[in-house]
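>
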Amino acid sequence: MAHAATQDHHDDHHEAPKSFFRRWFMSTNHKDIGTLYLIFALLMFFIGGSMAMLIRAELFEPGLQLVQPYFFNELTTMHALVMIFGAIMPAFVGLGNWMIPLMVGAPDMALPRMNNMSFWLLPFAFTILLSSFFLPGGAPAGGWTMYPPLSIQGGDSIAFLIFFVHVSGISSIMGAINIIATILNMRAPGMDLLKMPIFVWTWLITAFLLIAVMPVLAGAVTMLLTDKYFGTSFFNAAGGGDPVLFQHVFWFFGHPEVYIMILPAFGIISEIIPTFSRKPLFGYKAMVYATASIAFLSFIVWAHHMFAVGLPLGAELFFMYATMLIAVPTGVKVFNWVTTMWKGSLTFETPMLFAVAFVILFTIGGFSGIMLALVPADFQYQDTYFVVAHFHYVLVTGAAFSIMAAVYYWLPKWSGNMYSERWGKIHFWLSVISVNVLFFPQHFLGLAGMPRRVPDYNVAFADFNMISSIGGFVFGATQLIFVGVIIHCVFFAKKKATDRVWEGSKGLEWTVPSPAPHHTFSVPPVIDDSQLAHGDVGH
Amino acid sequence: MKFGGIRGRATTWLVAASALLSGSAWANPHPWQLNLTKGVTQTSKEVWDLNMASFLVCVVIGIIVFGAMIIAMIRFRKSKGAVAEKWSHSTKLELVWTIVPVLILIGLAWPATKILVRTTDTADAKMTVKVTGYQWKWRYDYVDYDGKTVKKVGFMSRLDKKSDATRQLDSGLDPNKVVDANGTNDYLLNVDHPLVVPVGVKIRFLITGGDVIHSWWVPDLGWKMDAIPGIVNAAWTKISKPGIYRGQCAELCGQDHGFMPIVVKAVPQAQFEQWLAAQESAAQLDKAARTAQATPTPGDSQG
Chain A
1 MAHAATQDHH DDHHEAPKSF FRRWFMSTNH KDIGTLYLIF ALLMFFIGGS
51 MAMLIRAELF EPGLQLVQPY FFNELTTMHA LVMIFGAIMP AFVGLGNWMI
101 PLMVGAPDMA LPRMNNMSFW LLPFAFTILL SSFFLPGGAP AGGWTMYPPL
151 SIQGGDSIAF LIFFVHVSGI SSIMGAINII ATILNMRAPG MDLLKMPIFV
201 WTWLITAFLL IAVMPVLAGA VTMLLTDKYF GTSFFNAAGG GDPVLFQHVF
251 WFFGHPEVYI MILPAFGIIS EIIPTFSRKP LFGYKAMVYA TASIAFLSFI
301 VWAHHMFAVG LPLGAELFFM YATMLIAVPT GVKVFNWVTT MWKGSLTFET
351 PMLFAVAFVI LFTIGGFSGI MLALVPADFQ YQDTYFVVAH FHYVLVTGAA
401 FSIMAAVYYW LPKWSGNMYS ERWGKIHFWL SVISVNVLFF PQHFLGLAGM
451 PRRVPDYNVA FADFNMISSI GGFVFGATQL IFVGVIIHCV FFAKKKATDR
501 VWEGSKGLEW TVPSPAPHHT FSVPPVIDDS QLAHGDVGH
Chain B
540 MKFGGIRGRA TTWLVAASAL LSGSAWANPH PWQLNLTKGV TQTSKEVWDL
590 NMASFLVCVV IGIIVFGAMI IAMIRFRKSK GAVAEKWSHS TKLELVWTIV
640 PVLILIGLAW PATKILVRTT DTADAKMTVK VTGYQWKWRY DYVDYDGKTV
690 KKVGFMSRLD KKSDATRQLD SGLDPNKVVD ANGTNDYLLN VDHPLVVPVG
740 VKIRFLITGG DVIHSWWVPD LGWKMDAIPG IVNAAWTKIS KPGIYRGQCA
790 ELCGQDHGFM PIVVKAVPQA QFEQWLAAQE SAAQLDKAAR TAQATPTPGD
840 SQG
């Protein structure tokens, strides 16, 4: 495209800084900060993953073989915190950083210095969190949900956890403000809101969710802090407080948080499926409205995490109905993805394979979600491995698969090289098989009566636990292939990527050269509606 | 003989398979169990039905959606010369798959609401038991039975010694060898003093926590209820057949969360009344003995 060519001349003035320190530590460039976020997320994925390996190793057979029960609780708690706040969320922020300016034709994020700060808070936040393993009394062991009184019963690690939540919360809020400011102010002329790629839309809505709920979490944990250290009794029944209050406040954050981790995934899948179907996204507007409805509903369903705390009948009914309603907009999304593929011209490169697996496996997670929404049945499912299976289907084969799909999809644009399709496919097939061996049997375990967060179990649960652990080890090892493919692609791949990269790709990000130059769209691009994302712009 | 052997094995296999799916042959978790237990209360049966209904709805939707996807993946491959069409919306279709799911959901919400309304009502219980969760044991106090206050019958219930010895890190003991008199494995699912209750009687449970939050769960009764310090939750059950029903704490409550099982021993009413009377008089005797010795130690374990 014409403007891409002019872009190249322009970039000679200000290339990436030569000094390593200046480039990576003092960066204000959305692409470099995006890369930092993604590398950080990958590192955390392996730290959280190694905890999962230890958990699955202990659960390999009945009896305690490797760790003490308390350390097991530290592992489950930290695994969740690292994966949620360290792997999934930063990976999405990294993808947003890289792609949103490229997708809306902006030269950079609206607030580049704040962008630098919101990234660099994270390594400090996680140093605080992970250092708690070395405290006397060990890391937090009361579950990532931090329910009092248990969470404030242990040592001072809870103070580290609370400070971690504050620091990473500030990072998330700043990142969200930046994304909203960028999307609302920095779009190229002609890039109307309803012409934006779905990924940008989902991130815009996600950013509002972040701003709305991260302060709520900060408030909840601050009350925990004052309960423990300053003699207040917000959650202390002996002082007139209410332990259930914490759960209400926590899940008012926690449920939107669940969608913070899945809405950008919906966006990614809505980019990839049309590209490899060579057909516009079916029902673009319905997708936008469905995303907004899910975001709205996420604020009024929090107590479905607490059906067994003894809520009044009216509350149980309200939260059951509201929760079931979420299935409607989510269903619309799944149907639209399938219809996008219908009568398309499909090819199955690695990003598409991950996207197809996402649709199927996320939907399985959605099915168990509907079952969990039914209160009387939830009285059996609640706090069992059925729930563990449910949220790993939506978070691993949902969120994490979408991130892998996105990396394969955009890596050629970022690096300028094609990754090894052969090894990408090997990574995919090993992942998709092992992840099901890992998580599917956990449905059976939960239904048969195995509670979650236990280090040991009756021998009746032995067979499926062993199968699950084997799946877990294979899935963990398979992710080393992912790292190998990325390193090979960035540093060693011979095959250069074209600017378009994919035959069916549409949208502004494919109009800039591969690799994307350090600065893009210093001059706003001219928008050609027919080349925009995959929306049916006319409707 | 040969045929008989094969048929015999096939029958065993069939019985096992149907038991796996229905969960009716065992009262306690068993190897390769795939589904919820049907349990021994009306509630647990209704919950099982709801579980199956929602599961079948999911299976049918799954077959339609994944089926369409697989057909698309086979038929509309570029390598088979498929050419992409241009259409990208259909108001009619989108209305259909917004409205149809709503109707299906109403179909599921209706029975769920009915069950919930019925099971929430703890009125007219013939008996009340107070359940208190502690780190890491349960306390059961019998409050009243048949309109009369029960005097001082209460005890702690904790993991049995055999399981406790076996579950220690590097104990060298085999969990497979922790079996009851019938040879059924009860590793981590057995206690020193089970909760004894009568069958065929509506029993109200008052559930609370002594330190942190626990959750009292026996799958065969069909529900769990959190035991929260400062709050007394109510729930009820009416067990239809005598037996031993096992469960576990279902809310993370610290290091030994996995080691505080629940055992409910349901016995015929007459037998229960006998047991309760014996407990009451034992408590009386104990009190008398204590007064005589003038050693005011709090007594709590007269199982």
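From first to last, the protein sequence lines stand for chains A and B.
The opening position of the first sequence corresponds to residue 1 in our numbering, with each subsequent residue numbered one higher.
The opening position of the second sequence corresponds to residue 540 in our numbering, with each subsequent residue numbered one higher.
For each residue, glycine too, the CB sits at the ideal point set by N, CA and C.
None of the values given here were measured: they were computed from a predicted structure.
To which residues of the same chain is V67 of chain A closer than 6 Å at the C-beta, ignoring the five residues directly before and after it?
Your numbering for residue 67 of chain A matches position 67 in the first sequence. Same-chain partners within the cutoff: E58.
> Counting C-beta neighbours from all protein chains within 10 Å, is the total for E26 of chain A 16 or more, i.e. buried, or is it exposed?
Residue 26 of chain A sits at position 26 when you count from the first residue of the first sequence. The residue asked about is misnamed: residue 26 of chain A is Met in this sequence, not Glu. Under this definition M26 of chain A is an exposed residue.
> Of the residues that make up the stretch 430-454 of chain A, which ones have a beta carbon closer than 7 Å to any beta carbon in chain B?
F444, L447, A448, G449, P451, R453, V454
> The beta strand (DSSP E) with R743 of chain B in it runs from where to where?
The residue you call residue 743 of chain B lines up with position 204 of the second sequence. Unbroken beta strand (DSSP E) run through R743 of chain B: 742-748.
> Going along chain A, which residues have a C-beta under 8 Å from P733 of chain B?
Numbered from its first residue, the second sequence carries residue 733 of chain B at position 194. Simply none; closest approach about 16 Å.
> From the DSSP output, in three-state form, read off S563 of chain B for me.
Numbered from its first residue, the second sequence carries residue 563 of chain B at position 24. A caution first: S563 of chain B carries a pLDDT of 40, below 50, which makes its placement in the model too unreliable to give a value.
> Here's a check: name, in chain order, each residue in its chain whose Cβ is nearer than 7 Å to the Cβ of S561 of chain B, leaving out the five neighbours to either side.
Indexing the second sequence from 1 puts residue 561 of chain B at position 22. Here S561 of chain B scores only 44 on pLDDT, less than 50, and its place in the model is too uncertain to base an answer on.
> Looking only at its chain, what residues have a beta carbon closer than 7 Å to the beta carbon of Q247 of chain A, apart from the 5 residues adjacent to it on each side?
By 1-based counting over the first sequence, the position of residue 247 of chain A is 247. Y147, M306, V309, listed in sequence order.
> If you reduce the DSSP assignment to three classes, tell me which class W756 of chain B lands in.
Counting from 1 along the second sequence, the entry for residue 756 of chain B is found at position 217. Note: W756 of chain B maps to strand in three-state DSSP.
> What are the residues in the stretch 343-368 of chain A lying within 9 Å of chain B by C-beta distance?
K343, G344, S345, L346, T347, F348, V356, V359, I360, T363, I364, G366, F367, S368
> Contact between the stretch 91-107 of chain A and the stretch 153-162 of chain A is defined here as three or more beta-carbon pairs at a separation below 8 Å; is this criterion met?
no
> List the endpoints of the continuous beta strand (DSSP E) containing N772 of chain B.
Mapped onto the second sequence, residue 772 of chain B falls at position 233. N772 of chain B -> beta strand (DSSP E) spans 772-776.
> What is the rounded straight-line gap between the Cα of Q707 of chain B and the Cα of R453 of chain A?
Residue mapping note: residue 707 of chain B aligns to position 168 of the second sequence, counting from 1. Residue mapping note: residue 453 of chain A aligns to position 453 of the first sequence, counting from 1. Approximately 17 Å between the Cα atoms of the pair.
> Which chain B residues sit within Cβ distance under 9 Å of I198 of chain A?
The count along the first sequence starts at 1 and reaches residue 198 of chain A at position 198. None at all; the shortest Cβ gap to chain B is about 12 Å.
> Consult DSSP for N29 of chain A and reduce its assignment to one of helix, strand or coil.
To locate residue 29 of chain A, count along the first sequence from 1; it is residue 29. Looking at N29 of chain A - three-state DSSP - the assignment turns out to be coil, as it is neither helix nor strand.
> Taking just the CA atoms, how far does Y289 of chain A sit from L353 of chain A?
Taking the first residue of the first sequence as 1, we reach residue 353 of chain A at position 353. Taking the first residue of the first sequence as 1, we reach residue 289 of chain A at position 289. Those two C-alpha atoms are separated by around 26 Å.
> Using only the alpha-carbon positions, how far apart do F615 of chain B and V639 of chain B sit?
For this step, residue 615 of chain B is matched to residue 76 along the second sequence. For this step, residue 639 of chain B is matched to residue 100 along the second sequence. Cα-Cα distance, rounded: 27 Å.
> Run down chain B in chain order and give the residues with a C-beta less than 8 Å from the C-beta of K506 of chain A.
For the purposes of this step, residue 506 of chain A is taken as the residue at position 506 of the first sequence. Result: empty, since nearest Cβ-Cβ is about 12 Å, beyond 8 Å.
> Taking the beta carbon of H185 of chain A as the centre, do at least 16 other beta carbons fall within 10 Å, making it buried, or is it exposed?
As a working mapping, residue 185 of chain A is identified with position 185 in the first sequence. Looking at the sequence provided, one finds Asn at residue 185 of chain A rather than His. Around the beta carbon of N185 of chain A, a 10 Å sphere encloses fewer than 16 other beta carbons of the protein chains shown; the residue is thus reported as exposed.
> So is the beta-carbon of V668 of chain B under 7 Å away from any non-hydrogen atom of the ligand MG?
Of ligands this structure carries none, so the ligand MG is not represented either.
> How would you label V512 of chain A, buried or exposed, when you count the other beta carbons within 10 angstroms and need 16 or more for buried?
The sequence position of residue 512 of chain A within the first sequence is 512, counting from 1. By the 10 Å Cβ count, V512 of chain A comes out buried.
> Quick check for students: name the residue ranges of the beta strand (DSSP E) that lie wholly in the stretch 761-835 of chain B, counting only runs of 3 or more.
The stretch 761-835 of chain B contains these whole beta strand (DSSP E) runs: 762-766, 772-776, 782-788, 800-806.
> From the beta carbon of Q823 of chain B, is the nearest beta carbon of chain A less than 8 Å away?
Residue 823 of chain B sits at position 284 when you count from the first residue of the second sequence. No, its Cβ sits nowhere closer than 8 Å to a Cβ of chain A.
> Can you look up S19 of chain A in the DSSP assignment and give me helix, strand or coil?
Counting from one through the first sequence, the residue named residue 19 of chain A turns up at place 19. Coil, per DSSP.
> Taking the C-alpha atoms as reference points, what is the distance between Q823 of chain B and D725 of chain B?
As a working note, residue 823 of chain B is residue 284 in the second sequence. As a working note, residue 725 of chain B is residue 186 in the second sequence. Cα to Cα, Q823 of chain B sits roughly 33 Å from D725 of chain B.
> Going along chain B in order, which residues have a C-beta closer than 7 Å to the C-beta of I370 of chain A?
In the first sequence, residue 370 of chain A corresponds to position 370, counting from 1. Simply S593, C597.
> I think P89 of chain A touches M261 of chain A, with their Cβ atoms under 8 Å apart; what is that distance to the nearest whole Å?
Within the first sequence, numbered from 1, the residue matching residue 89 of chain A stands at position 89. Within the first sequence, numbered from 1, the residue matching residue 261 of chain A stands at position 261. Correcting the residue identity first, residue 89 of chain A is Met in this sequence and not Pro. The pair is a contact, with the Cβ atoms about 7 Å apart (cut-off 8 Å).
> Relative to the C-alpha of A389 of chain A, which candidate in A:L374, A:Y408, A:A405, A:F362 has its C-alpha closest?
To locate residue 389 of chain A, count along the first sequence from 1; it is residue 389. Per the C-alpha coordinates, the member of A:L374, A:Y408, A:A405, A:F362 positioned closest to A389 of chain A is A:F362.
> 8 Å is my cut-off, CB to CB: does K763 of chain B come that close to chain D?
Note that chain D does not occur in the displayed structure, where the protein chains are A and B.
> Below 8 Å, how does it come out for the stretch 431-444 of chain A and the stretch 456-469 of chain A: are there three or more Cβ pairs, yes or no?
Judged by pairs of C-beta atoms under 8 Å, the stretch 431-444 of chain A touches the stretch 456-469 of chain A, as three or more such pairs exist.
> Leaving aside the five residues before and after T661 of chain B along the sequence, list all residues of the same chain whose C-beta is less than 6 Å from its C-beta, in chain order.
The residue given as residue 661 of chain B occupies position 122 in the second sequence. R743, A773, W775, listed in sequence order.
> Can you pull the chain A residues whose beta carbon is under 8 Å from the beta carbon of F744 of chain B, in chain order?
To locate residue 744 of chain B, count along the second sequence from 1; it is residue 205. The contacting residues do not exist; F744 of chain B stays about 11 Å from chain A at best.
> Is there a Cβ from chain A that is less than 8 Å from the Cβ of A564 of chain B?
Numbered from 1 along the second sequence, position 25 holds the residue referred to as residue 564 of chain B. Unreliable positioning characterises A564 of chain B in this predicted model, as indicated by a pLDDT of 41, which lies under 50. The coordinate reading is nonetheless provided below. By this cut-off, A564 of chain B is not an interface position.
> Which residues bound the beta strand (DSSP E) around M540 of chain A?
Any question about residue 540 of chain A goes unanswered here, given that chain A covers just 1 to 539.
> Out of A:F208, A:D192, A:S168, A:I162, state which residue places its alpha-carbon closest to the alpha-carbon of A176 of chain A.
Walking along the first sequence from the start, residue 176 of chain A turns up at place 176. Relative to A176 of chain A, the option among A:F208, A:D192, A:S168, A:I162 whose CA is nearest is A:F208.
> In the DSSP assignment, the beta strand (DSSP E) including P737 of chain B goes from what residue to what residue?
By one-based count along the second sequence, residue 737 of chain B stands at place 198. That run of the beta strand (DSSP E) goes 734-737.
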